[in-house]
Amino acid sequence: MLEIKNLHVQLEEEDKQILKGVNLTVEAGKVHAIMGPNGSGKSTLSYVLSGKDGYEVTDGSATLDGEDILEMEPEERAAAGVFLAFQYPVEIPGVGNMTFLRTAVNSQRKARGEEEMSATEFLKVIRAKAKDLKIDADMLKRPVNVGFSGGEKKRNEILQMAMLEPKMCILDETDSGLDVDAMKLVADGVNALRDEGRGFLVITHYQRLLDHIKPDVVHIMADGRIIKTGGPELALEVENNGYADLLAEAV
Amino acid sequence: MALPQIKQDATDARLAALDMPQGGWAQPAREDALARVQAMGLPNARDEYWKYTRPDTLVQPDAPKAALLESDEALIFGEVDRLKIVFVDGVFSAEESDDLSMAHVTIDRLADAPDIHWAKDVYGVLETRGQTPVQRPLATLNTAFATDGVLIHVTGKASKPISLIYRHESEVSDAILHHVVKIDSGAEVTLLENGPAAARFNKCMEVEIADGGTFHHVRAQGRDHERRAATAIFTRLGEESVFKSFTLTANGVLTRNECVIELTGDNATAHIAGACVGDGDFHHDDTVFITHDALNCESRQVFKKVLRNGATGVFQGKILVKEGAQKTDGYQISQSLLLDEDSQFLAKPELEIYADDVACSHGSTSGAIDEEGLFYLRSRGIDEGPATDLLTIAFLAEAVMEIEDEGLQDEINSRVEAWLSRRRG
Ligand SMILES: Nc1ncnc2c1ncn2[C@@H]1O[C@H](COP(=O)(O)OP(=O)(O)OP(=O)(O)O)[C@@H](O)[C@H]1O
Ligand SMILES: [Mg+2]
Numbered sequence: 140m141l142e143i144k145n146l147h148v149q150l151e152e153e154d155k156q157i158l159k160g161v162n163l164t165v166e167a168g169k170v171h172a173i174m175g176p177n178g179s180g181k182s183t184l185s186y187v188l189s190g191k192d193g194y195e196v197t198d199g200s201a202t203l204d205g206e207d208i209l210e211m212e213p214e215e216r217a218a219a220g221v222f223l224a225f226q227y228p229v230e231i232p233g234v235g236n237m238t239f240l241r242t243a244v245n246s247q248r249k250a251r252g253e254e255e256m257s258a259t260e261f262l263k264v265i266r267a268k269a270k271d272l273k274i275d276a277d278m279l280k281r282p283v284n285v286g287f288s289g290g291e292k293k294r295n296e297i298l299q300m301a302m303l304e305p306k307m308c309i310l311d312e313t314d315s316g317l318d319v320d321a322m323k324l325v326a327d328g329v330n331a332l333r334d335e336g337r338g339f340l341v342i343t344h345y346q347r348l349l350d351h352i353k354p355d356v357v358h359i360m361a362d363g364r365i366i367k368t369g370g371p372e373l374a375l376e377v378e379n380n381g382y383a384d385l386l387a388e389a390v
Numbered sequence: 571m572a573l574p575q576i577k578q579d580a581t582d583a584r585l586a587a588l589d590m591p592q593g594g595w596a597q598p599a600r601e602d603a604l605a606r607v608q609a610m611g612l613p614n615a616r617d618e619y620w621k622y623t624r625p626d627t628l629v630q631p632d633a634p635k636a637a638l639l640e641s642d643e644a645l646i647f648g649e650v651d652r653l654k655i656v657f658v659d660g661v662f663s664a665e666e667s668d669d670l671s672m673a674h675v676t677i678d679r680l681a682d683a684p685d686i687h688w689a690k691d692v693y694g695v696l697e698t699r700g701q702t703p704v705q706r707p708l709a710t711l712n713t714a715f716a717t718d719g720v721l722i723h724v725t726g727k728a729s730k731p732i733s734l735i736y737r738h739e740s741e742v743s744d745a746i747l748h749h750v751v752k753i754d755s756g757a758e759v760t761l762l763e764n765g766p767a768a769a770r771f772n773k774c775m776e777v778e779i780a781d782g783g784t785f786h787h788v789r790a791q792g793r794d795h796e797r798r799a800a801t802a803i804f805t806r807l808g809e810e811s812v813f814k815s816f817t818l819t820a821n822g823v824l825t826r827n828e829c830v831i832e833l834t835g836d837n838a839t840a841h842i843a844g845a846c847v848g849d850g851d852f853h854h855d856d857t858v859f860i861t862h863d864a865l866n867c868e869s870r871q872v873f874k875k876v877l878r879n880g881a882t883g884v885f886q887g888k889i890l891v892k893e894g895a896q897k898t899d900g901y902q903i904s905q906s907l908l909l910d911e912d913s914q915f916l917a918k919p920e921l922e923i924y925a926d927d928v929a930c931s932h933g934s935t936s937g938a939i940d941e942e943g944l945f946y947l948r949s950r951g952i953d954e955g956p957a958t959d960l961l962t963i964a965f966l967a968e969a970v971m972e973i974e975d976e977g978l979q980d981e982i983n984s985r986v987e988a989w990l991s992r993r994r995g
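Listed in order, the protein sequences are those of chains P and U. Using the numbering used here, the letters of the first sequence map in sequence onto residues 140 to 390. Using the numbering used here, the letters of the second sequence map in sequence onto residues 571 to 995.
What follows is the structure, given as structure tokens:
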């Protein structure tokens, strides 16, 4: 499904290489986790895949079901099925959460040539999904993420994911800042979406999320590269021993 | 003191092009105004108060030509149940207007008001008070030469809004209208205004609000690109009275909206807000002067401007808190969203405070669209154009929310949305 080959990325503003040849393939139906020290390039990878400005791809490719996504505008990638749950969800004063989500759902449908969702149908669906994530009606009406607590913002990301039903879900540290119960809610939200046609790339620092969302594959990223790939046991190794051994091994 | 020669000549030329309507109760006020405007002279580019806005086309004897806008879009407030009063190029249109009668309200026209009239206690009176400490000669000119206007006396709660509709049919029309609104104790009315009015429009409105009276005002200034307007509102508020005014301005080569507010009764509230969206040859100036002269009054000024393709926005806003006006709560914000680097926003916020127990805040900012927010919206599948529109409407929201009636808020928002989507083609 998602195929990243030899991806090299540097900052547009300064001559600084951040991704130094990332190779990664996420198959449909699978959950891949990425772990790695702070500053190793995990968020950069997720931004480059979703189309944020400020990065220059100097080499390599990224395709979704064979289509080159790096050439697409962010909204085209979204319509093609890419979704990023942000490490730091953005506050948008003055835009109601509900208006935002309905505009997003219908923009994607329109781009795919599908029929738009009616207001009533949308309300019905969002109420049910919000309830599962314990997001109350008030939060749906408030401006996007404004005044939301850290955990509320993360749950709001998962609500968006549930509404948009993307093919390729990228979660950037969605677990950080969550209390134990919220982590469970988020994991349930993700697990509910797991199916054969959908791939997940879950960036995390902690094993705990992976207890709930069982990954098929775990990658370790360091200094802009994937230095090791393995099964769920790799995450446990990081949890117990940190990165020192893995980094030493890679050199 | 003699006026500088250039100013004298410009003033003489303008006055020579005008005829003062004769007779009736307003005659003494008109003559007084003529003497005052002759003494002051009309504004020119050297005047400090006109530093950011060139007044010459507002002062020259003939109105510069303004092409008519061709649009089949329905006019704003079309869905609102209201009493309609229509002026075409400044001339009252009886056939397009409703019957000028409503419970708790009497409406007369300046042009044919009977000889003894309540309005003489207000006409030119509030305008004169508003001349210190800063002179506003265009309003004085208006008092002297206004050809018509409405005189609205509100004695109870009006059952529906009064709607002034200004149509523009002549490319060279030069309209001068003067309205008077008097709100009795405990009475309440909403006044709507919309339309371009004329190629050049000079409008003055005096609003006297007695104790416990309430005045709501929502205005949408016409979309004709080449029109010009100089408008002034003068209001005086009694105890526990409320004044809330909102203006949306889209298009127009030149607009200067002045508002002079005097809080003279304790516990009064005055809110003045404006949202403008300008593209290209667009110059919009909001000039506000609020005087707190009573205890525990609240004033808010909320002005938001969206500017692109070289448009210019100006804000001059002053809060004067007089000695003894304790517990004043004054808030002022003026912000611009610059959609490109060619546009500019000039702001001069001022506070002058002579009381010690007051809370006043003011802020002025100018910025581009929030890139982080834009990317967030786009990453959810919203195209760049509509995403920018969403952020633009969000930027204007604080001003639009000053309108109390949600139906009227929606009317304004839908106009802004239409304007934005037209820009995108
Ligand atoms: N816009 C930017 N300007 C300057 N440096 C940047 C920028 N974006 C990323 N970097 C740098 O690139 C490196 C990788 O950052 P990135 O955010 O991708 O790391 P990360 O793996 O997500 O870290 P964390 O675990 O702390 O979230 C860091 O050294 C960061 O400082
Ligand atoms: Mg990160």
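All C-beta atoms in this analysis are idealised placements derived from N, C-alpha and C, irrespective of residue type, glycine included.
In terms of side-chain proximity, the C-beta atom of residue 860 of chain U is found no nearer than 6 Å to any non-hydrogen atom of ligand 1. Cβ-Cβ distances below 6 Å link residue 743 of chain U to 659, 768, 769 in the same chain, with the five nearest sequence neighbours on each side left out; the list follows chain order.
Counting only unbroken stretches of 3 or more residues, the beta strand (DSSP E) elements lying wholly within the segment 708-784 of chain U are 720-724, 732-737, 744-753, 758-765, 770-779, in sequence order. DSSP places residue 384 of chain P in the uninterrupted alpha helix (DSSP H) bounded by 383-389.
Using a C-beta cut-off of 8 Å, the segment 883-897 of chain U makes no contact with the segment 624-634 of chain U, since fewer than three inter-stretch Cβ pairs fall below that distance. The continuous stretches of beta strand (DSSP E) do not include residue 682 of chain U, and DSSP gives it neither H nor E.
Under the 7 Å criterion on CB atoms, residue 234 of chain P is classed as interfacial with respect to chain U.
Only residues of its own chain outside the window of five on either side were considered, and among them 727, 784 have a CB closer than 6 Å to the CB of residue 758 of chain U, listed in chain order.
Close to residue 967 of chain U, with beta-carbon spacing below 7 Å, are these residues of chain P in chain order: 233.
Taking 7 Å as the cut-off, the beta carbon of residue 903 of chain U is found closer than this to the beta carbon of residue 872 of chain U. In this structure residue 876 of chain U is buried. Its beta-carbon is surrounded by 16 or more other beta-carbon atoms within 10 angstroms. Taking a contact as a CB-CB distance under 8 Å, the pair residue 771 of chain U and residue 745 of chain U counts as one, their CB atoms being some 5 Å apart.
Taking one beta carbon from each stretch, the segment 159-172 of chain P and the segment 207-214 of chain P have fewer than 3 pairs nearer than 8 Å; the two do not touch. The DSSP assignment places 853-862, 868-878, 882-891 as complete runs of the beta strand (DSSP E) inside the segment 849-901 of chain U, in order along the chain (cut-off: 3 residues). Residue 619 of chain U sits in a helix when the DSSP states are folded into three classes. Of all residues in the segment 696-725 of chain U, none has a C-beta nearer than 8 Å to a C-beta of chain P. Residues 832, 890 of the same chain have their beta carbon placed closer than 6 Å to that of residue 861 of chain U, with the five preceding and five following residues left out of the count. Taking one beta carbon from each stretch, the segment 703-720 of chain U and the segment 677-686 of chain U have 3 or more pairs nearer than 8 Å; the two touch. If you ignore the 5 residues before and after residue 800 of chain U, its C-beta comes within less than 6 Å of the C-beta of 628, 708, 772, 826, all in its own chain and listed in chain order.
Residue pairing by DSSP places residue 282 of chain P opposite P:235 in a beta bridge. Between residue 982 of chain U and residue 818 of chain U the beta-carbon gap is near 5 Å, inside 8 Å, which marks them as a contact. Interface annotation, residue 246 of chain P: in contact with chain U, CB-CB separation under 7 Å. The DSSP-derived three-state label of residue 339 of chain P is strand. Separation of residue 741 of chain U and residue 153 of chain P (C-alpha to C-alpha, rounded to the nearest whole angstrom) is 55 Å. Annotation for residue 933 of chain U: the continuous beta strand (DSSP E) segment containing it runs 929-937. Burial state of residue 258 of chain P is exposed, judged by a 10 Å Cβ sphere holding fewer than 16 other Cβ atoms.
Pairing residue 268 of chain P with residue 217 of chain P, the inter-Cα distance amounts to about 20 Å.
At least 7 Å separates the CB of residue 619 of chain U from every CB of chain P.
Ranked by Cα distance from residue 264 of chain P, the first of P:246, P:240, P:287 is P:240. By the criterion of a C-beta distance shorter than 6 Å, residue 901 of chain U is surrounded in its chain by 870, 931, once the five residues flanking it on both sides are discounted. Taking a C-beta cut-off of 9 Å against chain P, the contacting residues of the segment 945-966 of chain U are 945, 946, 947, 948, 949, 950, 951, 952, 953, 954, 956, 957, 960, 961, 963, 964, 965, 966, listed in chain order. When the beta-carbon positions are compared, residue 274 of chain P and residue 201 of chain P stay at least 7 Å from each other. With a threshold of 16 other beta carbon atoms within 10 Å, residue 597 of chain U falls short and is exposed. Below the 7 Å Cβ cutoff, chain U contributes 945 as neighbours of residue 191 of chain P, in chain order. Per DSSP, the beta bridge partners of residue 144 of chain P are P:200. Here residue 191 of chain P is buried: its Cβ has 16 or more other Cβ atoms, across all protein chains shown, within 10 Å.
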